[in-house]
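Please read the structure below before turning to the comments.
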Amino acid sequence: MAQNLVLALVGGALLRVSALSTAYLNYVRPGFRAPLVAAGVILFALGVFGLVQEWRRPYPPSGEAATRRRSHGPRVAWLLCLPIVAVFLINPPALGSFAAARDQRPQPRPAGGYGALTGDAPTAMPVGEFIGRAWSDGGRTLAGRRVKLTGFAVPSEHKGQWYLARMRLRCCAADAFPLKVAVLGVPAPRPDTWVEVTGAWVPVPYDRLPKGTAAPALTATALAKVARPAEPYE
Amino acid sequence: MLPWVFAALAGFLLIGNLLLSPHLTAPAVTTWSTIFVTICVQAIPFLVLGVTLSAAVTAFVPPSFFERALPRRPYAAVPVAGAAGLVLPVRECASVRVAARLMAHGVAPPAALAFLPASPAANPVVLVATAVAFPGEPLMVLARFGASLVVAVLAGWAWQVLGRPVPPRVTTAPPVPEGATRRAAFLAAVRHDFLHAGGFLVIGGLAAATLNVVVPRSWTTSLGEVPWLSVLVLALLAVVLSVCSEADAFVAASLTTFSPTAKLVFLVVGPMVDLKLIALQAGTFGRAFAARFVPLTLTLAIVVGVLVGRVLL
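Chain order of the listed sequences is A and B.
Start counting the first sequence at 14; every next residue gets the next number (my numbering).
Start counting the second sequence at 113; every next residue gets the next number (my numbering).
Put into C-alpha cells, the structure is as follows:
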C-alpha cells in the first residue's frame, strides 16, 4: 500500500511540474518535457494500478506474515516524499541572484566568429552573445554599437556597478553557471528584478583586461523593468 | 495506520501550502530546493527507463541464454561477459542477482564477476544519461564506457589469476519466474527497484544541493586544486552516496568545481562499489568474498579512472 501511494505521489508531482504547468523550465532544458510526462504517467499508472489491485484483494491470500513482508517496500523509498514536499511547499523557482553571486569564476572565453551587426536601432541579443562578441575578435563587432540585454539584477562587490545576469544550463539547473555583464551608469535595481538594459560596450578587448576582471562591462543609457521570461535560462 | 500517515502528509501539504510557503522564500532555501528538485526531476525518467528494461531482462531472459553465449574457457569468457554486461541494461542490485544465478548455473565465477560490475556501470541507458548530463562532452561518455569495461575485465581476470581466493558462496539460486507469474514478477521488480533507486537518488540530490549551496564555494574550489585529493574525495562520495548509475551522472555534473577526471572516477566507482552494493554482495556471496572483491574493484576503478581521465579528458 505504502509503496503504491509513494509511486502515485511521485508520478503526480512529476506531472504537476511537467504536464500541468511550466515549472519544469525552472529545472531542465525545454526539450525534456516529453520524457518527464512519460515517466510521470508510468509511475502514476503503476501506483494507481497497484492500489486498485490491493483494493480488490481484501484478504491476504497466503498467511498474514507473507503479505506483511511483501507490502513493506525498501525503507529508503520514504525519502521520495522529500522532493514531493519540496515541490508542493517551496515550489522551487528558477535560479536567481543568490546562485549567480555565489559563482565567482570568470566568464569562459568564447570562440568568436560573429557576424557584423546592422541597423541603427539598439540590437537585442542574449547575454551570452554579448559576452562572446565583447571578448572575441577584439570586440570589433560591438564597437560603436548599442545593444539591448535582458536578465536579472545581481549585486556586485565593486562600487558603482551591478551585474545583469542570465543562468546558462548545460544539462539542468544543477550545473547552471551565470553569464554576467557588469552594468555602469544606472542605479542598481533590487536583486532578482528582471530588467532590460540598453547601452554600449565599454571597449576593453580581452587581452587588455585588468587582472581579476570577471565580466565585460556595459555603460547603460536606459533601464526598464520587464516581466520574467517564460524560459528563464539561456 | 498507513492511510493515516498519508492523510496527515496530505493535510500537512495543503495547510503548509497556505501557511508555510509564503515564509519559505529565503534565497538560500529556494536555491537549495531548486537544485535538489532538479536532480530528482532530471534523473527520474532515466531511472524509470533503466528500471523497466532491467526488470524485463531479469524476468524474461533465462540464464541458459548466458550459458550458451559465454565461451567455456574462463579467460575468454571474462571479456565476453563484460561486454554482455555493457549491452544488457541490468541495474546494480539486479546484477548481483543475475551473477548469483549465473554461478548457480555453472558459469565460471570470474566471468560472472566481470558481468557484475560491467552491467550497471555502462549499459546503454546509463551512457545516454551520461551524454545528457555532459552535453558537448562526448569524451566523458567514451571515458566512462572504456574505463568501466577495463575495470570489469581486469577484475574478472585478477580473480582468475589470484586463484579464485574465496569461492563465492551461492547457497540458493533465486528462482526464475515462469509463465503467467513473469508479468507479476516484472511489475514487482519495477516497483521495488524504482523505489529503492529513487530513495538513493534523493540522498544524492540532497548531497549535491548541500555541496552547492551550504558548503562555501572556496572550500570546494581549493579542494579541486589538489588533483589526487579531489579524486579520493569524489571516490569516497560515490561509495557513501550509493546513487544508482542512471542518476549519478547528474550528481557528478552538479559538482562543477571538481576536475573532469575526479568526476570520471565518481562515475566509474559509484556503480561498482558503494555501501548498498557492499551489503548486497556480502549478503549474496558471503563476507569473505566481499572483503576481497570490494577492495579489488575499488582500487581498480580509481586507478583506471585516473589513467583514462589523464588520457581522454
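Positions of the beta carbon are idealized from the N, C-alpha and C atoms, including for glycine.
On the three-state DSSP scale, how would you describe residue i?
i: T80(A); result: Because T80(A) carries a pLDDT of 46, less than 50, the predicted location of this residue cannot be relied on, and no value is offered for it.
i: T137(B); result: coil
i: G259(B); result: Note on identity: in this sequence residue 259(B) is Ala, with Gly being the wrong assignment. A259(B) falls in the helix class under three-state DSSP.
i: V54(A); result: helix
i: T411(B); result: helix
i: C205(B); result: helix
i: P96(A); result: helix
i: A230(A); result: strand
i: F158(B); result: helix
i: F227(B); result: helix
i: R185(B); result: coil
i: K375(B); result: helix
Among the options, whose alpha-carbon lies nearest the alpha-carbon of residue i?
i: D125(A); options: C185(A), A147(A), V41(A) and Q16(A); result: Asp is not the amino acid found at residue 125(A); the sequence shown has Gly there. For G125(A), the nearest C-alpha among the options comes from A147(A).
i: F397(B); options: L165(B), V210(B) and L131(B); result: V210(B)
i: V423(B); options: L408(B), A403(B), L376(B) and K388(B); result: L376(B)
i: V65(A); options: A21(A), S31(A), V196(A) and L95(A); result: A21(A)
i: F312(B); options: F370(B), P339(B), P247(B) and C205(B); result: C205(B)
i: A167(B); options: V302(B), A259(B) and Q272(B); result: V302(B)
i: L307(B); options: F362(B), F118(B), I127(B) and V160(B); result: V160(B)
i: P106(A); options: L367(B), V418(B), L198(B) and A138(B); result: A138(B)
i: W175(A); options: P229(A), A129(A) and P139(A); result: P229(A)
i: R70(A); options: F57(A), P216(A), M14(A) and D133(A); result: M14(A)
i: R221(A); options: R46(A), G152(A), V30(A) and V89(A); result: G152(A)
i: A230(B); options: L261(B), H217(B), A216(B) and V343(B); result: L261(B)
i: Q16(A); options: V50(A), V61(A), T136(A) and M180(A); result: V61(A)
i: T232(A); options: A114(A), A134(A) and V215(A); result: V215(A)
i: I103(A); options: L130(B), G336(B), F177(B) and V352(B); result: L130(B)
i: V208(B); options: L389(B), P407(B) and V420(B); result: L389(B)
Anyone know if the C-beta pair for residue i and residue j falls short of 9 Å?
i: L228(B); j: P175(B); result: no
i: A264(B); j: I151(B); result: no
i: A220(B); j: P186(B); result: yes
i: I315(B); j: V355(B); result: yes
i: P121(A); j: F165(A); result: no
i: F378(B); j: L387(B); result: no
i: A374(B); j: P328(B); result: no
i: S342(B); j: R203(B); result: no
i: V199(A); j: V140(A); result: no
i: L162(A); j: A189(A); result: no
i: L165(B); j: L59(A); result: no
Have a look at residue i and residue j and give me their C-alpha separation to the nearest angstrom.
i: R241(A); j: L182(B); result: 59 Å
i: A186(A); j: L108(A); result: 7 Å
i: N235(B); j: E67(A); result: 34 Å
i: V41(A); j: L182(A); result: 8 Å
i: P218(A); j: A243(A); result: 33 Å
i: L392(B); j: V100(A); result: 32 Å
i: V160(A); j: T35(A); result: 30 Å
i: L155(A); j: G44(A); result: 32 Å
i: L412(B); j: F257(B); result: 15 Å
i: W269(B); j: A394(B); result: 21 Å
i: L130(A); j: P48(A); result: 38 Å
i: P123(A); j: L254(B); result: 25 Å
i: V418(B); j: T409(B); result: 14 Å
i: A122(B); j: A52(A); result: 22 Å
i: T226(A); j: V167(A); result: 16 Å
i: F405(B); j: P222(B); result: 11 Å
i: A226(B); j: L274(B); result: 15 Å
i: L198(B); j: E247(A); result: 35 Å
i: S145(B); j: L200(B); result: 35 Å
Residues of chain C with CB closer than 7 Å to the CB of residue i, please, in chain order.
i: T142(B); result: Structure shown: chain C not included; protein chains present are A and B.
For residue i, which beta-bridge partners are listed by DSSP?
i: Y176(A); result: V167(A) and A195(A)
i: K161(A); result: A137(A) and T211(A)
i: L236(A); result: V210(A)
i: C185(A); result: V41(A)
i: F6(A); result: In this structure chain A extends from 14 to 247, so residue 6(A) is not present and cannot be described.
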